[in-house]
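To start, the structure under review is shown below, and the notes come after it.
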Amino acid sequence: MLEIRHLTKVFGKNFKAVDDLSLSVKKGEVFGFLGPNGAGKTTTIKMIVGLLKPNEGSISIGGKDIQKDTIAAKLKIGYVPDEPVMMEKIKGIEYLDFIADMYGVPLQKRRERVEKLTTAFKLRNALRDIVAGYSHGMKQKLSLVAALLHQPDLWILDEPLTGLDPESAFLLKKMMQNHTESGNTVFFSTHLMEIAEKLCDRIGIIHQGKLLFTGTIEELKKEKGEATLERVFLEVTGSEAQQMDFSYLDASE
Amino acid sequence: MRHSRWISLTLTLLNEHYGISRKRQRYLVDRKDLWEPFLIFGIVAVLIVTLFPLMKTLLDQMIAVYAQMGAPEMVYAYFFMICSAFGFLVGLLVILSVFFFSKDLPLLMSLPLKPTEILSAKIALIVFDQTWISIVGLLFPYIYLGARIGLGWEYWISGFLILLSAQILPILFETIVILPLSRVIRFGKHRDFLLFSVSVLFVVAILLINVAITNTGVSGELTEETFREFLENPQNIILKGLSIYPPAIWAYRAVSAKGMVSLGWLACFLSVTAGGFLLTLFLANRFYLASYLELQDRHTRKSLLTRAELDHSIRRERSPVRALFIREWRYFLRIPAFAFNGIGNVLIFPILLILFGSTNKSLGSASSLGAIITNLESLRAYLLPLGTLVGVLAGGMNLLSSTFLSREGRMLTELKTLPVSAKDILTAKYLHIFILSEIGPLTAVIAMRILVQAAWGDLLGAFIGSSVCISFLNLIQMIVDIKRPMLDWDNPQKAMKQNLNGLFSVVLLFGFIAGCLGMGWLTQGFLSPLMMFALLVGVCALGHIPLIPITISSLDRFLLKDL
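Note that the protein sequences, when read in sequence, are chains A and B. When you line the first sequence up against the working numbering, it's residues 11 to 263, in that order. When you line the second sequence up against the working numbering, it's residues -2 to 560, in that order.
Dropping the structure here:
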């Protein structure tokens, strides 16, 4: 479903945010993209959805190249950014209607989906309000509903659980599983190890722009011989967090 | 301690507002886009060189007239009034944006700062910004008048200090109006739009009432009594004109009086300014924080949207172009800074034309515009090409085409992720801008009908002709904005007012008008007015053929670039 080949992104003269990254995500798979802050997760995702142009490499979504066959590729994607970016001066219902128009969702289907999705995410009572008045979590939910309206083949979710209340987070996790069970694909980035452990069929760990590992969590644990994914993650990314001393924070002057 | 905190806040706001650190990084460290400062410098130099002879002639004439009345310093007061009026017009939207809708306010409100500290720092920022109006409009007349007449030290000191503080009073006056008003407007979902609209109406109403009161007694026919009064003391009549804006009288007294009297008037001007500032801080303490917090006080409705309501809201499927077109209108109308600027820009010139025209008509050909109108009568044969250019001037000043991508700001991310082609995006945006631009030619032909009773055929021709030319200029301005959009703004005002592309569009528009007038002048001997019109419109119509594909392909390439 998603094929990334030798993807490289250089910012400025020589800062490689993503360095020769190759991976493929199969149909019906939940793929977790893990990495510390600044590792290159969001940059990779932005290249997948066409927000950034790679310096090298190619990205294909369902056989459509995002650079060459942009519109056809975008029609297959439902994208939820890490920070919801949407028109804030319009009503929630107007925003969803606009997105449905963009993806050509038939009238009856869009009505049904808007009703069901906004009811599920407890957003229906806010649809007549201007988006600017929504909380961060509500904007995140609206962004999610907008991304799901056209039943995309591939969900691309950048830190989708950030800002969601527990109920909505539970719903989203369930939706992600349902989505893949019906033959679709989910690609999402996260910092939360337990989420990755519970949801993902496979994971990829990126650090300093390089993909350090792809495979199942079992394979990773087997390879590193650690008990928890969190410890494996810290080891793979070369983190020194475990040795750090923070006692100075509470020391009296 | 608090003093240094205020300075730090003001300096940081100035740094952020003008992007000083960002520009330093770009020009001095990264050494990127070095052509930008040179371009600005070049445009300013061209404007100075071209406007200098015009300004010098105007000043010489004004000095001669007022010197005969024994009051040459009135020239200074006249330009002071014009700059203050501009300050009023431009300042209102800036004040509302900076005080209530700026993105840095949530951060500032969370810091241990008093409302007066935030407000005074913001006022300092606005005054700094607005002082450019005085520098552009008043600095040259101030220096030229003083040097030409050889005025004394009182003039130089008072004139300089008044120039620097000229924008403070308009800003304070509007702030004093807006702060209590912001407590009254608490209703409705679109409180920001209401606050903008009511404030604009309120300030305009106050100014109109003031003008009406001041004009009582000096308007109408020149009676024997007023003529005698003028002969006895011409300065009284002059000062009556200045009484529309009393600080202009104090400014005039300060620059025209001698010795301690001059300094006394200067002290009067500065102390009223300081008093206004203290009153603003007092009102800020009472109203500002509460108003700001209330504007943020939004909550969602509790009632669930029923299925019938949902079906009513989602009524039809639209094509991407149609949906994008509706998006354009919503985005434009629901952001007050865009709506007021966009509509105001295309309306201001024809409205000024009508207002000045109707005012000057009673004075006959003696007044400046009266003389122009009289000249227009002799140019009646050229009404079609000239009317077309008037329409182009009115509609081309829209600043919407030169900021069509810049106004998206962060929203461009949303646009880039949508499965729509550059052609669809461009079609929707072009149509939206074209419809708004048409207000210009429409009001311009109405103005022409009122002022010179132009024939309906000429008016229709001028309307169609100017529409074609505006569309041509819009496309050029859109290409410029695609090449270098200004997307990194925190306040919508900046997307339009601080955008280099806007400056370019003004230069392009005036260059186009001047070029057409020059060509018309050169070819008047062998080209009929109708031929001139046909050539002008024909060239602009043909210009669409290469421009449309260039605009689409430029946008297409831009949408593939990084944000």
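All residues carry an ideal CB built from backbone N, CA and C; glycine is no exception. Nothing here was measured: the structure is a model prediction, and the numbers come from that model.
Residue i classed as buried or exposed, judged by whether at least 16 other C-beta atoms fall within 10 angstroms
{"i": "Gln253/A", "result": "exposed"}
{"i": "Ile109/A", "result": "buried"}
{"i": "Pro416/B", "result": "buried"}
{"i": "Val252/B", "result": "buried"}
{"i": "Pro543/B", "result": "exposed"}
{"i": "Glu204/A", "result": "exposed"}
{"i": "Gly361/B", "result": "Residue confidence is low: Gly361/B scores 48 on pLDDT, short of 50, so the model does not pin down where it sits. Its coordinate-derived value is still stated next. Counting Cβ neighbours within 10 Å, Gly361/B comes out exposed, since fewer than 16 surround it."}
{"i": "Pro138/B", "result": "buried"}
{"i": "His14/B", "result": "buried"}
{"i": "Glu233/A", "result": "exposed"}
{"i": "Glu114/B", "result": "buried"}
{"i": "Ile4/B", "result": "exposed"}
{"i": "Glu70/B", "result": "buried"}
{"i": "Ser257/A", "result": "exposed"}
{"i": "Gln161/A", "result": "exposed"}
{"i": "His189/A", "result": "buried"}
{"i": "Ala206/A", "result": "buried"}
{"i": "Trp32/B", "result": "exposed"}
{"i": "Arg28/B", "result": "exposed"}
{"i": "His429/B", "result": "buried"}
{"i": "Lys126/A", "result": "exposed"}
Bridge partner(s) assigned by DSSP for residue i
{"i": "Ile246/B", "result": "None; Ile246/B has no bridge partner."}
{"i": "Phe43/A", "result": "Ser199/A, Gly214/A"}
{"i": "Lys26/A", "result": "Val20/A"}
{"i": "Phe223/A", "result": "Ile215/A"}
{"i": "Gly48/A", "result": "Gly48/A is not bridged to any residue."}
{"i": "Gly88/A", "result": "Trp165/A"}
{"i": "Leu33/A", "result": "Ile14/A"}
{"i": "Glu125/A", "result": "Answer is none; Glu125/A lacks a bridge partner."}
{"i": "Glu207/A", "result": "Glu207/A pairs with nothing; no bridge assigned."}
{"i": "Lys74/A", "result": "Ile71/A"}
{"i": "Ile140/A", "result": "Lys101/A"}
{"i": "Glu66/A", "result": "Thr18/A"}
Residues of its chain near residue i, where Cβ-Cβ distance is below 8 Å and the 5 sequence neighbours each way are ignored
{"i": "Pro438/B", "result": "Gly388, Val389, Ala391, Gly392, Ala459, Phe460, Ser463, Ser464, Ile467"}
{"i": "Gly45/A", "result": "Lys51, Ser199, Ile215, Ile216, His217, Thr247"}
{"i": "Lys101/A", "result": "Leu137, Arg138, Asp139, Ile140, Val141"}
{"i": "Gln127/B", "result": "Gly84, Val87, Gly88, Val91, Gln164, Pro167, Ile168"}
{"i": "Lys74/A", "result": "Ala82, Ala83, Lys86"}
{"i": "Arg407/B", "result": "Leu484"}
{"i": "Ile213/A", "result": "Phe41, Gly42, Phe43, Leu44, Ala206, Phe223, Thr224, Gly225, Thr226, Ile227, Leu230"}
Cβ separation of residue i and residue j, assumed to be a contact under 8 Å, to the nearest whole Å
{"i": "Leu17/A", "j": "Pro64/A", "result": "5 Å"}
{"i": "Gly143/B", "j": "Trp150/B", "result": "Actually they do not touch by this definition, with Cβ atoms about 10 Å apart."}
{"i": "Thr414/B", "j": "Val59/A", "result": "5 Å"}
{"i": "Tyr289/B", "j": "Met78/B", "result": "With a Cβ gap of about 33 Å, Tyr289/B and Met78/B do not count as contacting."}
{"i": "Leu219/A", "j": "Val28/A", "result": "The question names Leu, but residue 219/A in the sequence shown is Gly. Contact flag correct, Cβ pair sits at about 5 Å."}
{"i": "Arg193/A", "j": "Lys84/A", "result": "According to the sequence displayed, residue 193/A carries Gly and not Arg. At roughly 20 Å, the Cβ-Cβ gap does not stay under 8 Å, so Gly193/A and Lys84/A are not in contact."}
{"i": "Arg241/A", "j": "Leu302/B", "result": "Not really, about 47 Å apart at Cβ, beyond 8 Å."}
{"i": "Asn338/B", "j": "Met445/B", "result": "Not a contact, Cβ separation roughly 25 Å."}
{"i": "Leu561/B", "j": "Leu470/B", "result": "Because residue 561/B is not part of the residues shown, which for chain B are -2 to 560, the question remains open."}
{"i": "Phe329/B", "j": "Ala336/B", "result": "6 Å"}
{"i": "Gln490/B", "j": "Ser94/B", "result": "5 Å"}
Contacting residues, own chain, Cβ-Cβ under 7 Å from residue i (five flanking each side not counted)
{"i": "Ile422/B", "result": "Leu321, Leu412, Leu552"}
{"i": "Glu218/B", "result": "Low per-residue confidence applies at Glu218/B: pLDDT is 49, beneath 50, and the placement is therefore not dependable, though the value from the model is reported in the following sentence. The answer is none, since no qualifying residue turns up."}
{"i": "Glu177/A", "result": "none"}
{"i": "Cys537/B", "result": "Val465, Cys466, Phe469"}
{"i": "Leu527/B", "result": "Leu381"}
The ligand FAD heavy atom lying under 7 Å from the CB of residue i
{"i": "Ile447/B", "result": "In the structure on display, the ligand FAD does not appear, and there are no ligands present to speak of."}
Close beta carbons around residue i, own chain, < 6 Å, minus the five adjacent residues each side
{"i": "Leu167/A", "result": "Val90, Phe198"}
{"i": "Gly214/B", "result": "At Gly214/B the pLDDT is 45, less than 50, meaning the model places this residue with poor confidence; the figure from the coordinates comes in the next sentence. Closer than 6 Å at the Cβ level, and outside the excluded window around Gly214/B, lies no residue."}
{"i": "Ala245/B", "result": "Ala74, Phe77, Met78, Leu239"}
Check each residue of the segment 125 to 138 of chain A: if its Cβ is closer than 7 Å to any Cβ of chain E, include it; give the result in chain order. Annotation note: the requested chain E is absent from the structure, which comprises protein chains A and B.
Within 8 Å, do at least three Cβ pairs link the segment 120 to 127 of chain B to the segment 8 to 26 of chain B? By the Cβ criterion, the segment 8 to 26 of chain B is in contact with the segment 120 to 127 of chain B, since at least three pairs of Cβ atoms, one from each stretch, lie closer than 8 Å.
How do the segment 400 to 420 of chain B and the segment 480 to 497 of chain B stand: do at least 3 beta-carbon pairs fall below 8 Å, yes or no? The answer is yes - the segment 480 to 497 of chain B touches the segment 400 to 420 of chain B, with three or more Cβ pairs under 8 Å.
With a threshold of 8 Å, are at least 3 pairs of Cβ atoms found where one atom belongs to the segment 512 to 527 of chain B and the other to the segment 430 to 437 of chain B? Because the criterion of three Cβ pairs below 8 Å is not met, the segment 512 to 527 of chain B and the segment 430 to 437 of chain B do not touch.
Stretch-stretch touch, CB-based, cutoff 8 Å, three pairs: the segment 94 to 112 of chain B with the segment 260 to 276 of chain B: Contact fails: fewer than three Cβ-Cβ distances are below 8 Å.
Touch test, the segment 149 to 168 of chain A against the segment 185 to 199 of chain A, Cβ-Cβ under 8 Å, three pairs minimum: With a cut-off of 8 Å, the segment 185 to 199 of chain A and the segment 149 to 168 of chain A count as touching, because enough Cβ pairs lie within range.
For the structure I just gave you, are there three or more beta carbon pairs, one from the segment 108 to 128 of chain A and one from the segment 309 to 319 of chain B, closer than 8 Å? Yes: the two stretches touch, three or more of their Cβ pairs being nearer than 8 Å.
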